[in-house]
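A short worksheet on the structure shown next.
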Amino acid sequence: MEREQRRLAAIVAADVVGYSRLMGRDESGTLARLKEHRRERLEPALARNSGRLVKLTGDGALVEFGSAVDALRASIEFQQAVADTNEPLAETERIVFRLGIHLGDLIVDGDDLYGDGVNIAARLEGEAPAGGLVISGAVHDAVAGRVRATFDDLGRLALKNIDRPVQAFAVKWEHADWQAATASASTPPVQPVTPLPLPDKPSIAVLPFENMSGDPEQEYFADGMVEDIITALSRFKALFVIARNSSFSYKGKAVDVRQVGRELGVHHVLEGSVRKAGNRVRVTAQLIEAQTGNHLWAQRFDRLLDDIFAVQEEITSSIVSAVGAEVENVQIATVGRARPNNLEAHGLALRAWAEIRDLGRSPDNARIDAVMRMAEEALAIDAQCVPALVALGWAHFHQGFFRTAADPVRALATASAVATRAQGIDHLNHRPYVLKAWVHLATSRHDDALFEARRAHELNANDPDTLVAMGAIESRSGQTKSGIEWLTQALRLNPLNPFQHWVHLNLSVACFLASDYAKGIEWALLCRRSAPQFVQNLNMLAVNYVGLGQLEEARQIFAVANGLAPELLKQRLATGSPLYRLPEDRQRDARFLRIAAGLEAPP
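Mapped onto our numbering, the consecutive letters of the sequence shown carry residue numbers 8 to 610.
Below, the structure written as structure tokens:
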């Protein structure tokens, strides 16, 4: 069993006082002021005190600090800056926060945090007065005498769902002691950005919609809706659509759309919010011209939950109409994916898909098992649920490709069968074709892999996963020039991809196969920056070093790779990569690896 990851940290929980009342009175104005507080006051305070925004939860936020002193300083700075901003405003226009801080052991899951430490901070926040903050005894012990503040002992509080009383203190401070710290809070430093060139056709980035439900469980629903919109837009070949991974790098951040436009190189940005309550949903969306910040259109949809897919189609149609008349006139309903039969199954499938997508291209048995459980639960409710089938297929592919299954060959066969089943249900969904293309490549069926990848590209020309599959398969099939072009296009459509190392690896492979060893080394070194122990990449770095005649570097890298995964290298040392179609490529791969290993003399 994989060992649970933990770390000690100070956690700050923040919430808006009377948020439902404020939203009921002025939804648009409240949301705008809330975003301004995050951008102008919270983020600068975190930047000055080394805080990390873990996540936003509707009107709340969860922030991590390595130091309790930094956590308290940032919290006081933020509260003071908010109070200064509120002073000239009418009572009805003020947004007031409560904060709770705890220092404790946290469970780490990717970028997220869980455990009693988080729960205690959230409960302490509920004990804080409007505009104030409450800390635990552990924080008090760490900060006493080190921060300009006083502490009122609140005694040992019985907090909801916490099995033991928690010593708590209310924090007080003098405005004059914190004026200097908050003087520049409304003007955070602007980081220089090198703008990406704008495409020569209409281009758009769809930012994650804000979950206004106040329920973190609804994040999957909001994210899944946005992903469906991105997928629908991507089907239009006359549009340039930024990939989901890059768009979602802004999740939980208060950003200026003009900055997004510069960083992603797009003409337009779509943003919005989702509020789900009972069987009703409210979606707001606004399309913004990134260069000027001007709104092209904005709309609010109040519908029954069963109509959410019609809302997605309506938003997509509006975007297509707004960004350019040259976009082909296609009925959205005919190019969209099949609608789910059951919303409960669809929700489970969204969770499973989020897990498998965020794995990137590396094994994680615990998460793969979780994906299988969620996908199979969804399929037990709705056997026709395509997203659940795709997530399940990828889970089996991971186990087969990375050889963590008891029978890897059977795991790959299962992945192929599941993909075929998904294709039969929704032949316009590109994702089963991408999955099947990788399965065929993993089993050295290159012609079948090319067929599936090209069909996926016909269905969705803007999907970076499809482009990576095209590039990886064509380059390994001997078509290195076009393979590199596909992979380079994937980088442009997904410039902030957290799994960019996978694309860099495939570019290193393509350059090796094209005998461009210097470029192959460049891509492999880029990959190594973000994935230093990615064994497949270390292999490519070693063989490219051999190709360029840098034998000492090749031997050092091979030694590292062999130390990490000696079994993985045995077959490759003997016969070369089985993923290469041409015998001469496999032979060169094996020979260069043996040279790097010191088993064969260089030519």
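Idealized CB from N, CA, C, for every residue including glycine.
Which class does Trp180 belong to by DSSP, given the choice of helix, strand or coil?
Sequence index remark: in the sequence shown, residue 180 carries index 173 (1-based). Residue state, collapsed to three classes: coil.
Hey, does Asp230 have any beta-carbon neighbour from chain B nearer than 8 Å?
Note that chain B does not occur in the displayed structure, where there is just one protein chain.
Sort out for me which residues DSSP pairs Gly279 with in a bridge.
Start at 1 with the first residue of the sequence shown, and residue 279 comes out as number 272. DSSP lists Ala292 as partners of Gly279.
Which runs of the alpha helix (DSSP H) spanning at least 4 residues fall entirely within the stretch 96-156, listed in chain order?
As far as the stretch 96-156 is concerned, its whole alpha helix (DSSP H) runs of at least 4 residues are 123-134 and 144-150.
Length of the line joining the Cα atoms of Ala576 and Arg601:
On the sequence shown, residue 576 is found 569 positions in, with the first residue counted as 1. On the sequence shown, residue 601 is found 594 positions in, with the first residue counted as 1. Residue identity differs from the one stated: residue 576 is Leu in this sequence, not Ala. Within the model, the alpha-carbon separation for Leu576 versus Arg601 is close to 10 Å.
Which residue or residues does DSSP assign as beta-bridge partners of Gln306?
Residue mapping note: residue 306 aligns to position 299 of the sequence shown, counting from 1. In the DSSP output, where bridge partners are listed per residue, Gln306 has Ala292.
Please list the segments of the beta strand (DSSP E) lying wholly inside the stretch 217-250, counting only runs of 3 or more residues, in order along the chain.
Taking only runs of at least 3 residues, no beta strand (DSSP E) segment lies wholly in the stretch 217-250.
Using a Cβ distance threshold of 8 Å, determine whether the stretch 281-297 contacts the stretch 246-259, with at least three qualifying pairs required.
Contact between the stretch 281-297 and the stretch 246-259 is absent, with fewer than three C-beta pairs closer than 8 Å.
Give the straight-line distance between the Cα atoms of Ile114 and Leu38, rounded to the nearest whole angstrom.
Mapped onto the sequence shown, residue 114 falls at position 107. Mapped onto the sequence shown, residue 38 falls at position 31. Ile114 and Leu38 have their C-alpha atoms some 31 Å from each other.
Would you say Ile363 and Val393 are within 8 Å of each other, going by their C-beta atoms?
As a first step, residue 363 is located in the sequence shown; it is residue number 356 there, counting from the start. As a first step, residue 393 is located in the sequence shown; it is residue number 386 there, counting from the start. Cβ distance not < 8 Å, so Ile363 and Val393 don't count as in contact.
Once the 5 residues before and after Glu335 are set aside, which same chain residues still bring their CB inside 7 Å of it?
Here residue 335 refers to the residue found at position 328 of the sequence shown. Legend: pLDDT at Glu335 = 46, less than 50; position of this residue unreliable, value from coordinates given subsequently. By the criterion of a C-beta distance shorter than 7 Å, Glu335 is surrounded in its chain by Phe243 and Ala245, once the five residues flanking it on both sides are discounted.
Among Ala165, Arg105 and Thr582, which one has its Cα closest to the Cα of Glu132?
Counting from one through the sequence shown, the residue named residue 132 turns up at place 125. Relative to the Cα of Glu132, the nearest Cα in the group Ala165, Arg105 and Thr582 belongs to Arg105.
Need the endpoints of the beta strand (DSSP E) that Gly58 sits in, please.
As a working note, residue 58 is residue 51 in the sequence shown. Following the DSSP letters along the chain, one finds Gly58 inside the beta strand (DSSP E) bounded by residues Gly58 to Thr64.
Tell me whether the stretch 60-74 and the stretch 86-99 touch, counting them as touching only if at least three CB pairs, one residue from each stretch, are closer than 8 Å.
No, they do not touch.
Is Ala16 near Gly73, with beta carbons less than 8 Å apart?
Reading the sequence shown from its first residue, position 9 is the one you call residue 16. Reading the sequence shown from its first residue, position 66 is the one you call residue 73. The answer is yes: Cβ separation under 8 Å.
Excluding five sequence neighbours on each side, which residues of the same chain lie with their C-beta closer than 6 Å to the C-beta of Tyr552?
Taking the first residue of the sequence shown as position 1, residue 552 is located at position 545. Excluding positions up to five away in sequence, the list reads Glu560 and Ala561.
Using the C-alpha atoms, what's the distance from Lys167 back to Phe247?
Here residue 247 refers to the residue found at position 240 of the sequence shown. Here residue 167 refers to the residue found at position 160 of the sequence shown. Looking at the two C-alpha atoms, the distance is approximately 49 Å.
Can you find the residues in the same chain that come closer than 8 Å, C-beta to C-beta, to Asp267, ignoring five residues on each side of it along the sequence?
For the purposes of this step, residue 267 is taken as residue 260 along the sequence shown, with counting starting at 1. Here the sequence assigns Val to residue 267, which means Asp is not the residue at that position. If you ignore the 5 residues before and after Val267, its C-beta comes within less than 8 Å of the C-beta of Ala212, Leu214, Tyr257, Val273, Val276 and Ala297, all in its own chain and listed in chain order.
Can you tell me whether Ser82 is helix, strand or coil according to DSSP?
Counting from 1 along the sequence shown, the entry for residue 82 is found at position 75. Helix at Ser82.
When you compare only the Cα positions, how much space is there between Glu98 and Arg32?
Within the sequence shown, residue 98 is the residue found at index 91, counting from 1. Within the sequence shown, residue 32 is the residue found at index 25, counting from 1. In a straight line, the C-alpha of Glu98 is about 13 Å away from that of Arg32.
Which two residues bound the contiguous alpha helix (DSSP H) that contains Val510?
Taking the sequence shown and counting its residues from 1, the one referred to as residue 510 is at position 503. Gln507 to Leu520 is the extent of the alpha helix (DSSP H) around Val510.
I need the straight-line Cα distance from Thr194 to Leu49, nearest angstrom please.
Position 187 of the sequence shown, counted from the start, is the residue given in the question as residue 194. Position 42 of the sequence shown, counted from the start, is the residue given in the question as residue 49. Model confidence at Thr194 stands at a pLDDT of 38, short of 50, so the residue's coordinates are unreliable and nothing is read from them.
How do the stretch 232-242 and the stretch 80-90 stand: do at least 3 beta-carbon pairs fall below 8 Å, yes or no?
Flag = no, the stretch 232-242 and the stretch 80-90 do not touch.
Return the first residue and the last residue of the beta strand (DSSP E) that Phe72 is part of.
Against the sequence shown, residue 72 aligns to sequence position 65. Per DSSP, the continuous beta strand (DSSP E) segment holding Phe72 begins and ends at Gly67 to Phe72.
DSSP-derived helix/strand/coil call for Val393
Position 386 of the sequence shown, counting from 1, holds the residue named residue 393. Val393 falls in the helix class under three-state DSSP.
Per DSSP, what are the beta-bridge partners of Gln174 in this structure?
Sequence index remark: in the sequence shown, residue 174 carries index 167 (1-based). Paired residue(s): Arg163.
One question on the structure: do Val416 and Gly400 come within less than 8 Å of each other, judged by their Cβ atoms?
In the sequence shown, residue 416 corresponds to position 409, counting from 1. In the sequence shown, residue 400 corresponds to position 393, counting from 1. Contact: no.
Using only CA atoms, which one of Asn126, Val24, Glu351 and His147 lies nearest to Val76?
If you number the sequence shown from 1, residue 76 lands on position 69. Measuring C-alpha to C-alpha distances from Val76 to each of Asn126, Val24, Glu351 and His147 identifies His147 as the nearest.
What three-state label does DSSP hand Ser210 in the structure shown?
Residue mapping note: residue 210 aligns to position 203 of the sequence shown, counting from 1. If DSSP states are grouped into helix, strand and coil, Ser210 belongs with the strands.
Less than 8 Å between the beta carbons of Gly485 and Leu589, yes or no?
Numbered from 1 along the sequence shown, position 478 holds the residue referred to as residue 485. Numbered from 1 along the sequence shown, position 582 holds the residue referred to as residue 589. Yes; because the gap between Cβ atoms is below 8 Å, this pair is in contact.
Taking DSSP as the reference, what is the three-state secondary structure of Val273?
The count along the sequence shown starts at 1 and reaches residue 273 at position 266. Three-state DSSP puts Val273 in coil, outside helix and strand.
My output table needs one value for Leu606: the three-state DSSP class, helix, strand or coil.
Residue numbering aside, residue 606 sits at position 599 when the sequence shown is read from its first letter. Looking at Leu606 - three-state DSSP - the assignment turns out to be coil, as it is neither helix nor strand.
Out of curiosity, what's the CA-to-CA distance linking Gly36 and Arg101?
Numbered from its first residue, the sequence shown carries residue 36 at position 29. Numbered from its first residue, the sequence shown carries residue 101 at position 94. Straight through space, the alpha carbons of Arg101 and Gly36 are spaced by roughly 11 Å.
Rounded to the nearest angstrom, what separates Gly570 and Val542 at their Cα positions?
In the sequence shown, the residue the question calls residue 570 occupies position 563. In the sequence shown, the residue the question calls residue 542 occupies position 535. If you take the alpha carbons of Gly570 and Val542, they lie about 10 Å apart.
Unbroken alpha helix (DSSP H) run spanning Glu94, endpoints:
Taking the first residue of the sequence shown as position 1, residue 94 is located at position 87. It is not in any alpha helix (DSSP H) - Glu94 carries neither H nor E in the DSSP assignment.
Got a sec, what are the start and stop residues for the alpha helix (DSSP H) Ala566 sits in?
Looking up residue 566 in the sequence shown gives position 559. Residue range Leu558 to Leu571 is occupied by the alpha helix (DSSP H) that includes Ala566.
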